[in-house]
Amino acid sequence: MRYLIIIIGLVLLIGCANEPLATYGDRGVVEVTPIDSSVPFSVPDEGNQGWHWYDPGVGSRDVKISLKEKIGRPVWIQALQWDLYDIEGDRIATGIEPIVPPLEIEGGKDTTYTIILEVKEGYAQEIDKADGHEDFQGTGYYKFTPSGKDVERGVEFGVVEGYLEITVQKAG
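Just so we're aligned, residue 0 is where the sequence shown starts under numbering that gives the first Met the number 0, counting upward by one.
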């Protein structure tokens, strides 16, 4: 009899919650696809002989990526995170580019976004060392992860990350 009273009390207590906890399985999903399959970077060797951390040489490129909403729900993209990896899969650097005002993508549509990427001397040195040959060239990749909200639900959208292969070589 006591257990019956406890069970009924718990059911009534749960039923008195202000609102149910919502989950949204149909939130927007954004897929990132780089337009180019590989991008070369020429990184100058400024300062000390050889690529070194904190030396001033930088190679930069404008890179176009496609952002596509996959399931038909409008989304706002508020930031784009990039992570730079060497060929061994070790992360070298990370950064976030805020997008203000947010970039709106209608459900099922896509848009192109241009981001300026930089490879500093220290990054180039790590990419070069990872292939086992310190010969002022190497291969790495950028990973792109957008963040933002589903316009209708107000929750974070799902993500299909994009990857861009890069090559570095000594400029000049």
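We treat Cβ as the ideally placed atom computed from N, Cα and C, and that holds for glycine. For clarity, every value in this text was computed on a predicted model and none was experimentally measured.
Discussion item. For a quick check, are the C-beta atoms of Val-150 and Glu-103 less than 8 Å apart?
Written reply: Taking 8 Å as the cut-off, the beta carbon of Val-150 is found closer than this to the beta carbon of Glu-103.
Item to complete: Just tell me which of Trp-75, Ile-91 and Asp-89 has its CA closest to the CA of Ala-152.
Response: One detail in the question is off: residue 152 reads as Arg in this sequence, not Ala. Among Trp-75, Ile-91 and Asp-89, the Cα nearest to that of Arg-152 is on Trp-75.
Item to complete: Indicate the three-state DSSP secondary structure (helix, strand or coil) for Glu-164 in the structure shown.
Response: Strand at Glu-164.
Worksheet item: How should Lys-63 be labelled, buried or exposed, when 16 other C-beta atoms within 10 angstroms of its C-beta is the threshold for buried?
Response: Exposed, since its Cβ has fewer than 16 Cβ neighbours within 10 Å.
Worksheet item: Can you list, in chain order, the residues of its chain whose CB lies under 8 Å from that of Asp-134, leaving out five sequence neighbours each side?
Response: Same-chain partners within the cutoff: Asp-127.
Fill in: Contact under 8 Å by Cβ, Asp-82 with Ile-115
Contact annotation: Asp-82 and Ile-115 have beta-carbon atoms that are not nearer than 8 Å.
Practice prompt. Below 7 Å CB to CB, which residues in the same chain sit around Ser-59 once its five sequence neighbours on both sides are set aside?
Written response: The residues are Ile-115, Leu-116 and Glu-117.
Discussion item. Here's the rule: buried if 16 or more other CB atoms are within 10 angstroms of the residue's CB, otherwise exposed. What is Gln-124?
Written reply: With 16 or more neighbouring CB atoms inside 10 Å of its own CB, Gln-124 falls in the buried class.
Discussion item. Among Val-159, Gly-49, Leu-79 and Trp-50, whose alpha-carbon lies nearest the alpha-carbon of Pro-97?
Written reply: Closest option to Pro-97, Cα to Cα, is Leu-79.
Worksheet item: Quick one, are the C-beta atoms of Gly-139 and Ile-86 less than 8 Å apart?
Response: The beta carbons of Gly-139 and Ile-86 sit closer together than 8 Å.
Item to complete: Go through its chain and collect everything with a Cβ distance to Gly-137's Cβ below 6 Å, but skip five positions before and after it.
Response: For Gly-137, where only same-chain residues beyond five positions count, the Cβ hits under 6 Å are Ile-126, Asp-127, Asp-130 and Val-167.
Worksheet entry | For Val-31, the nearest candidate out of Gln-48, Thr-113 and Thr-93 (CA to CA) | For the options Gln-48, Thr-113 and Thr-93, the alpha carbon positioned closest to that of Val-31 is the one of Thr-113.
Discussion item. What does the alpha-carbon distance come out to for the pair Tyr-162 and Pro-33?
Written reply: Cα to Cα, Tyr-162 sits roughly 7 Å from Pro-33.
Worksheet item: Using DSSP with H/G/I as helix, E/B as strand and the rest coil, what is Ala-170?
Response: Correct three-state label for Ala-170: coil.
Worksheet item: Asp-54 by DSSP, collapsed to three states: which one?
Response: Residue state, collapsed to three classes: coil.
Worksheet item: Exposed or buried, what is Phe-156 when buried is set at 16 or more other beta-carbons lying within 10 Å of its beta-carbon?
Response: Answer is buried; the Cβ neighbour count reaches 16.
Discussion item. For a test of the three-state rule: what should DSSP assign to Gln-124, helix, strand or coil?
Written reply: Assigned with DSSP and collapsed to three states, Gln-124 falls in helix.
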